[in-house]
Amino acid sequence: MQKAIKIRNVSKTINAKKILNNISFDVYEGEIVGLIGPNGAGKSTLMKIMTGLYTLDEGEIYYYEYNLKKDFEKAISIVGTLIETPDLYKTLSGKNNLKLFKSMFKGIDENKIKDIVNIVELEKYLGKKVKTYSLGMKERLGIASALINKPKILILDEPTNGLDPIGIKNIFDILKSMKDTTIIISSHMLNEIQGICNKIVFINNGEIVNIKHIENDIKKKDVLFEVDDFSKAKLLLKDYCINEELEVYETDDVISKLNKELILNNINVYRIFENKNNLEREFFDIVKDDKIN
Amino acid sequence: MIKLINNEFIKIKRSKLIFTQIIFIIIIYIMKKVSSNDLLNLSYNLIPFVGIMVCILFGNTISGEIENGTFRFYLTKPFKRWKVYLSKFICINIYIILTLLIIIICTSILSKNYNYDYFIKYIIYSIPVFFIGSFVLYLSSNFKNNSFIVGVSIFILSFSLILSQVLFGLEFNFVEYTFLPYLDFSIFNDKTNLLNMNQELGINLSINKAIIIDFIYLIIFYYLGCKKFMKKDIKN
Chain A
136 MQKAIKIRNV SKTINAKKIL NNISFDVYEG EIVGLIGPNG AGKSTLMKIM TGLYTLDEGE
196 IYYYEYNLKK DFEKAISIVG TLIETPDLYK TLSGKNNLKL FKSMFKGIDE NKIKDIVNIV
256 ELEKYLGKKV KTYSLGMKER LGIASALINK PKILILDEPT NGLDPIGIKN IFDILKSMKD
316 TTIIISSHML NEIQGICNKI VFINNGEIVN IKHIENDIKK KDVLFEVDDF SKAKLLLKDY
376 CINEELEVYE TDDVISKLNK ELILNNINVY RIFENKNNLE REFFDIVKDD KIN
Chain B
331 MIKLINNEFI KIKRSKLIFT QIIFIIIIYI MKKVSSNDLL NLSYNLIPFV GIMVCILFGN
391 TISGEIENGT FRFYLTKPFK RWKVYLSKFI CINIYIILTL LIIIICTSIL SKNYNYDYFI
451 KYIIYSIPVF FIGSFVLYLS SNFKNNSFIV GVSIFILSFS LILSQVLFGL EFNFVEYTFL
511 PYLDFSIFND KTNLLNMNQE LGINLSINKA IIIDFIYLII FYYLGCKKFM KKDIKN
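Chains A and B are the protein sequences, given in the same order.
Heads up, the first sequence is in my numbering, so the first residue is 136 and it goes up one at a time.
Heads up, the second sequence is in my numbering, so the first residue is 331 and it goes up one at a time.
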């Protein structure tokens with residue numbers, strides 16, 4: 136598969152403080168990559184560098200064959216961006232906003248606006264002024280504006296900020312429906328991120344602390360056994376437990392085998408919980424380590 | 331590039347100040363026509379007014395857009411930063427030219443004076459306004475505070491001559507190579523006075539020198555402003 140984004144040794148210093156330190160990773164065509172990290176970790180800085188809002192001090196970024204620094208216009212013309220709150224002209228209607236965005240790119244068909252509006256489901260409100268829009272509608276219009284140039288790559292920095300659960304679901308549903316677009320997204324909605332991303336990049340203190348490939352882990356489950364004899368069970372599952380609890384991270388076959396083993400050793404298994412918040416756990420592990428340090 | 335310049339004009343057109351300024355110029359002309367008919371003199375007196383309008387209208391052209399977040403719109407689109415900066419510079423200069431043209435047309439029509447020499451002299455005397463345009467753009471790319479930018483640029487425009495005379499008095503003759511003595515070309519009207527001042531202070535102020543120095547500083551400030559803008563991080 137072709138690499139859509141190549142990030143190589145990117146560093147950024149602001150006011151003598153190193154915000155990003157030697158960030159490198161690749162994103163393959165069609166992948167959805169989540170950037171996860173606590174506030175101040177450097178996610179937004181990286182995204183602002185990737186969209187041209189911040190200058191690149193050190194390192195290189197490529198969008199396909201285009202170097203962001205050297206071929207800025209070509210590189211950024213295949214990128215759609217939504218950085219935090221969307222930049223919309225409040226006194227113009229949604230349609231006129233999209234027309235204005237369209238005018239910034241060459242060779243965009245007028246029908247493209249209709250297609251995009253269908254994707255973000257804003258048909259009914261397009262004639263109304265943006266100042267009358269709810270936050271969710273503004274975010275959807277922001278995504279529409281990011282899609283106007285048929286981007287091969289979409290960069291979204293916290294696109295669900297301030298949205299209610301329905302608004303969050305709508306945004307993630309839109310992203311899920313975009314099969315051919317390479318997406319890089321940062322969000323604090325860890326469950327949703329886990330649901331749509333192929334890869335998660337954990338950033339903390341300006342450095343990548345882990346890259347997790349969701350596809351490789353998809354067959355494994357994080358489960359917690361509830362039993363009557365904890366110490367005996369703990370001894371039995373000691374090679375599998377991932378923490379002090381009877382929590383294991385294994386495939387269905389292994390979990391079933393462990394369950395049988397517990398029963399054969401006269402341990403009553405009351406319940407097996409599936410913990411769907413792997414990402415949340417890893418996130419808190421990173422933050423916890425940071426706070427201890 | 332044309333799209334960027336067009337966008338700049340869309341933003342300016344929204345400003346009520348533009349219409350107020352045009353109406354102000356027309357009213358001033360009508361009043362002057364009724365009272366003394368000395369419209370040529372009025373047109374020269376309006377040059378500093380155009381300079382002040384440039385300071386007020388364009389003082390926030392970069393800093394203001396960074397503050398209200400609209401810059402994110404341009405800088406994440408396929409336009410190189412130097413083009414965005416150049417479009418703003420061109421827009422300021424087009425504004426200056428159009429305003430000066432309104433004044434020249436009003437003067438010519440109302441005074442029935444269609445003198446070519448007047449036209450050339452008026453354009454030459456307006457050169458400091460073009461310099462101020464570049465200076466304001468430079469300040470706007472370097473400082474965040476709009477009031478500070480407008481205040482500094484109007485102060486420089488209004489008091490540069492007094493300031494340079496004070497500095498000449500203190501024998502800081504290098505000031506003749508700065509832009510300070512050349513922001514008001516009316517000093518070149520009284521040639522005897524200029525000659526005396528040159529002899530007295532051991533300097534050589536002339537209109538040719540003024541034109542060259544204003545253009546050199548216009549280019550310097552354009553270059554410095556553009557360089558700063560190209561490296562600026564847009565935080566909002």
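Heads up, the beta-carbon is just placed ideally off N, CA and C, and yes, glycines get one too.
No experiment lies behind these values; they were computed from the predicted model shown.
- With its beta carbon less than 8 Å from one in chain A, isoleucine 564(B) belongs to the interface.
- For valine 145(A), the enclosing beta strand (DSSP E) stretches over residues 138-149.
- If you keep only unbroken beta strand (DSSP E) runs of at least 3 residues inside the region 253-328 of chain A, you get 288-292 and 317-321.
- Proximity of threonine 190(A) to chain B, defined by a Cβ-Cβ separation below 8 Å, is satisfied.
- In the DSSP assignment, glycine 177(A) forms no beta bridge with any residue.
- Spanning the alpha carbons of leucine 428(B) and leucine 227(A) requires a straight line of approximately 28 Å.
- Considering only Val496(B), Phe339(B), Phe551(B) and Gly389(B), the residue with the shortest C-alpha distance to leucine 531(B) is Val496(B).
- Residues of the region 192-221 of chain A with a C-beta atom less than 7 Å from some C-beta of chain B are Phe207, Glu208, Ile211, Ser212, Thr216 and Ile218, listed in chain order.
- Residues of the region 305-332 of chain A with a Cβ closer than 8 Å to any Cβ of chain B: none.
- Residues of the same chain with their beta carbon placed closer than 8 Å to that of threonine 350(B) are lacking, with the five preceding and five following residues left out of the count.
- Between threonine 190(A) and lysine 558(B), the gap from beta carbon to beta carbon reaches 8 Å or more.
- Phenylalanine 401(B) sits in a helix when the DSSP states are folded into three classes.
- For isoleucine 149(A), the closest Cβ of chain B is nearer than 8 Å.
- Lysine 413(B) has its alpha-carbon roughly 38 Å from the corresponding atom of leucine 370(B).
- Lysine 249(A) sits exposed, since fewer than 16 C-beta atoms from the chains shown fall within 10 Å of its C-beta.
- Where aspartate 447(B) is concerned, there is no enclosing beta strand (DSSP E), although the alpha helix (DSSP H) around it starts and stops at 446-455.
- With a cutoff of 8 Å on beta-carbon distance, valine 145(A) and leucine 155(A) are scored as near each other.
- A residue is called buried when at least 16 other Cβ atoms come within 10 angstroms of its Cβ; serine 464(B) meets this threshold and is buried.
- Residues of chain B whose Cβ lies closer than 7 Å to the Cβ of methionine 272(A) do not exist; the shortest such Cβ separation is about 18 Å.
- Contact note: serine 238(A) reaches chain B through Lys333, Asn336 and Asn337, using a C-beta cutoff of 9 Å and chain order.
- Less than 8 Å separates the beta-carbon of isoleucine 218(A) from that of lysine 183(A).
- Shown here, lysine 347(A) sits in a strand according to DSSP, grouped into three states.
- Judged by DSSP secondary structure, aspartate 387(A) falls within the alpha helix (DSSP H) whose first and last residues are 387-399.
- Exclusion of the five residues before and after isoleucine 357(B) leaves no residue of its chain whose Cβ lies closer than 8 Å to its Cβ.
- As the crow flies, the alpha-carbon of serine 438(B) is around 58 Å from that of glutamate 193(A).
- Judged by their CB atoms, proline 286(A) and valine 214(A) are nearer to each other than the 8 Å cut-off.
- A straight-line Cα-Cα distance of about 10 Å links isoleucine 398(A) and alanine 368(A).
- Per the Cβ contact rule, the region 166-173 of chain A is in contact with the region 315-332 of chain A (3 or more Cβ pairs under 8 Å).
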